[in-house]
Amino acid sequence: MFSGGNAKLFERFSIDRSKKYGEGGYGTTFAAFDNQTNQRLAVKVIDTRRMRPDVIKKECQILEVMTHPNVISVKGHGLGVGKEEHLYFIFMELAGGGELFDQVIDRGANAMPEHVARNFFCQLLDGVAYCHLAGVAHRDLKLENVLLNETGVVKLIDFGLSHVYPRLADGTIDRTTPLKDVCGSKSYAAPEVLGARGYDGFAADMWSCGVCLFAMLSGFFPLDEASANDWRFPRLVSAQQEKRSTTEVVYGWYKRSARHLSREVVHLLDSLLCINPQQRLTMAQTRDHPWVKEQKFGGATQSDQGSFNVGEYVNDEALQYRSLGEIHPYAADDGMLADDDDVPVYRSLGMGDEQGAGEPAMPAPSLCRQKAKSNLFGPLDAATLP
Numbered sequence: 047m048f049s050g051g052n053a054k055l056f057e058r059f060s061i062d063r064s065k066k067y068g069e070g071g072y073g074t075t076f077a078a079f080d081n082q083t084n085q086r087l088a089v090k091v092i093d094t095r096r097m098r099p100d101v102i103k104k105e106c107q108i109l110e111v112m113t114h115p116n117v118i119s120v121k122g123h124g125l126g127v128g129k130e131e132h133l134y135f136i137f138m139e140l141a142g143g144g145e146l147f148d149q150v151i152d153r154g155a156n157a158m159p160e161h162v163a164r165n166f167f168c169q170l171l172d173g174v175a176y177c178h179l180a181g182v183a184h185r186d187l188k189l190e191n192v193l194l195n196e197t198g199v200v201k202l203i204d205f206g207l208s209h210v211y212p213r214l215a216d217g218t219i220d221r222t223t224p225l226k227d228v229c230g231s232k233s234y235a236a237p238e239v240l241g242a243r244g245y246d247g248f249a250a251d252m253w254s255c256g257v258c259l260f261a262m263l264s265g266f267f268p269l270d271e272a273s274a275n276d277w278r279f280p281r282l283v284s285a286q287q288e289k290r291s292t293t294e295v296v297y298g299w300y301k302r303s304a305r306h307l308s309r310e311v312v313h314l315l316d317s318l319l320c321i322n323p324q325q326r327l328t329m330a331q332t333r334d335h336p337w338v339k340e341q342k343f344g345g346a347t348q349s350d351q352g353s354f355n356v357g358e359y360v361n362d363e364a365l366q367y368r369s370l371g372e373i374h375p376y377a378a379d380d381g382m383l384a385d386d387d388d389v390p391v392y393r394s395l396g397m398g399d400e401q402g403a404g405e406p407a408m409p410a411p412s413l414c415r416q417k418a419k420s421n422l423f424g425p426l427d428a429a430t431l432p
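Numbering (the numbering used here), first residue to last: 47 to 432.
Structure (structure tokens):
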């Protein structure tokens, strides 16, 4: 079946097309096997007639140079030959525990306990911290882009919108030039990204991490989007100017109480969801936060938080590789657009009068799968494109 320039790639890897893990608008994921190591893998098969090969290769090249337990690893990639020369094959590590998004959605109205959220969040932090050390700003951190393997290890995926910062002669990362791309997924994108004022990619990633943690603990997003397009955003700006707790203010909009959350995690959420990126926690500060380190304010260990039982939360049948390399050909000039879902999952929690008698009831922002775009201001959306 395979011959020519990529023959060695397909001598090493086998594909089981009878076992399909997932299918999107631009590619299908099948079971695969590494004939050298006897390792079970997954392979994403992408149609390059619908997606630019140079963009796919860029993402693969980023992943090739990163080796970390919490970042998905690519084992090999290349074009097919013969009748399949229009297809691009990406052989990657198998993560059979599904998406972190599913761990939240599957709970229904029950929020994720703090000790469970901490385990996932700390692994996410480790993966993102490694990316930052490599000079890579992910720029599309969200629950759908975090996979789990069968033992509950977090695997960060989808680097299609990532930015790689250059290095100076002394080896340090040069982040002096603000990024301009208004990209990512709407409900996870930082206010400075949506504001199109220029931004630091690492600080924007920290906001997205805060949204992920908030969603895990609450079951809904803090905002539909961090811009004036969302009625909540100006109110949150005012609340932060008045030094009020972001978490308590957001919960208050829906007549909810945040008393079930520990003081430590509320402080962490407030510090990550800080609209001013200069005041937002850095990665180093986040990893040193008492809640992350399982401490109470004052240094005591949080022994009452319980232990993490991975068997309770990982489902081996939930495997889905949607996002690696899913880029729509009719997106912005750089060809980037990720996350094609035919049937989004919605879960809206919390109804109530939005602060003040006589005002209409407002729902909390629905927890739904997000479409990533290279231009969040663009008029085109994957659902309307041919």
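No residue lacks a Cβ here, since even glycine has one placed at the ideal position from N, Cα and C.
Since the model is a prediction, treat every value here as computed from it, not as a measurement.
F423 burial status per 10 Å Cβ neighbour count (16 or more: buried)
Under this definition F423 is an exposed residue.
Using CA coordinates, which residue listed in S303, S291 and L263 is at the minimum distance from P159?
Taking only the C-alpha atoms, the option nearest P159 is L263.
Comparing C-alpha positions only, which one of C320, C258 and V210 sits nearest to I108?
The option with the nearest alpha carbon to I108 is V210.
Helix, strand or coil, according to DSSP, for F48 in the structure here?
In this prediction, F48 scores a pLDDT of 38, lower than 50, which makes its location untrustworthy; the coordinate-derived value is nonetheless stated afterwards. Correct three-state label for F48: coil.
Secondary structure at L87, three-state DSSP: helix, strand or coil?
Three-state DSSP puts L87 in a strand.
Going along the chain, which residues of its own chain have a beta-carbon closer than 8 Å to the beta-carbon of V150, five neighbours each way excluded?
Cβ neighbours of V150 beyond the five flanking positions: M158, L189, A261, M262, G265 and L413.
Element boundaries [alpha helix (DSSP H), containing L55]:
Under the DSSP assignment, L55 falls in the alpha helix (DSSP H) whose first and last residues are A53 to R58.
Of all Cβ atoms in chain D, is any one closer than 9 Å to the Cβ of G68?
You won't find chain D in this structure, because it holds only one protein chain.
Option nearest R96 by Cα separation, candidates G73, S273, K339 and F79
Distances from the alpha-carbon of R96 to those of G73, S273, K339 and F79 put G73 closest.
Within 8 Å, do at least three Cβ pairs link the segment 318 to 329 to the segment 241 to 258?
The segment 241 to 258 is in contact with the segment 318 to 329.
Tell me whether the segment 211 to 226 and the segment 164 to 171 touch, counting them as touching only if at least three CB pairs, one residue from each stretch, are closer than 8 Å.
Look at the beta carbons and you see the segment 211 to 226 not touching the segment 164 to 171: under three pairs across the two are nearer than 8 Å.
Stretch-stretch touch, CB-based, cutoff 8 Å, three pairs: the segment 125 to 132 with the segment 192 to 202:
With a cut-off of 8 Å, the segment 192 to 202 and the segment 125 to 132 do not count as touching, because too few Cβ pairs lie within range.
Rounded to the nearest angstrom, how far is the Cβ of T292 from that of L307, given a contact under 8 Å?
Not really, about 12 Å apart at Cβ, beyond 8 Å.
Hey, quick one: how far does the alpha helix (DSSP H) through A249 stretch, first residue to last?
Residues G247 to S264.
Could you give the residue range of the alpha helix (DSSP H) that holds T332?
Run containing T332: M329 to R333, per the alpha helix (DSSP H) assignment.
Whose CA, out of L259, V101, C258 and V228, lies closest to the CA of G247?
The shortest Cα separation from G247 among L259, V101, C258 and V228 belongs to V228.
Are F135 and G124 touching if we call contact CB-CB under 9 Å?
Inclusion of F135 and G124 in the CB contact set at 9 Å is warranted, their separation being smaller than that value.
In the DSSP assignment, what residue or residues form a beta bridge with M138?
Answer is A88 and V120, bridged to M138.
Beta-carbon proximity list for L55, same chain, < 6 Å, skipping 5 on both sides
Once the five neighbours on either side are set aside, the close Cβ partners of L55 are G122 and G124.
Nearest residue (CA-CA) to K417, options G206, G256, P99 and L193:
Nearest C-alpha to K417: G206.
Rounded C-alpha distance that separates H313 from S420:
Their backbone Cα atoms lie some 32 Å apart in a straight line.
Distance, Cα to Cα, P99 vs Y297?
Approximately 44 Å, taken between the alpha carbons.
Since I believe F79 is in contact with K65 (beta carbons under 8 Å), could you give me their beta-carbon distance rounded to a whole number of angstroms?
The beta carbons of K65 and F79 sit about 10 Å from each other, so the pair does not count as a contact at 8 Å.
Quick test of your reading: R415 and F147, contact by CB under 8 Å. State the CB separation rounded to the nearest angstrom.
About 7 Å; that satisfies the 8 Å criterion.
Could you please give the first and the last residue of the uninterrupted beta strand (DSSP E) stretch that includes V192?
Residue range V192 to L194 is occupied by the beta strand (DSSP E) that includes V192.
Just reading off the alpha helix (DSSP H) that T197 is part of, what are its end residues?
No alpha helix (DSSP H) contains T197, which DSSP labels as neither H nor E.
Beta strand (DSSP E) segment containing T74, residue limits:
Run containing T74: G73 to D80, per the beta strand (DSSP E) assignment.
Which partner residues of G181 appear in the DSSP bridge assignment?
None, per the DSSP bridge assignment.
Out of Y245, V127, L140 and G256, which one is the CA nearest neighbour of G68?
Selected option, being the one with the closest Cα: L140.
Does the beta-carbon distance from D186 to S231 come in below 9 Å?
At the C-beta level, D186 and S231 come within 9 Å of one another.
In three-state terms, what does DSSP make of A163?
DSSP places A163 in helix when its eight states are reduced to three.
Bridge partners - R213, DSSP secondary structure assignment:
According to DSSP, which records beta bridges pairwise, R213 is partnered with I219.
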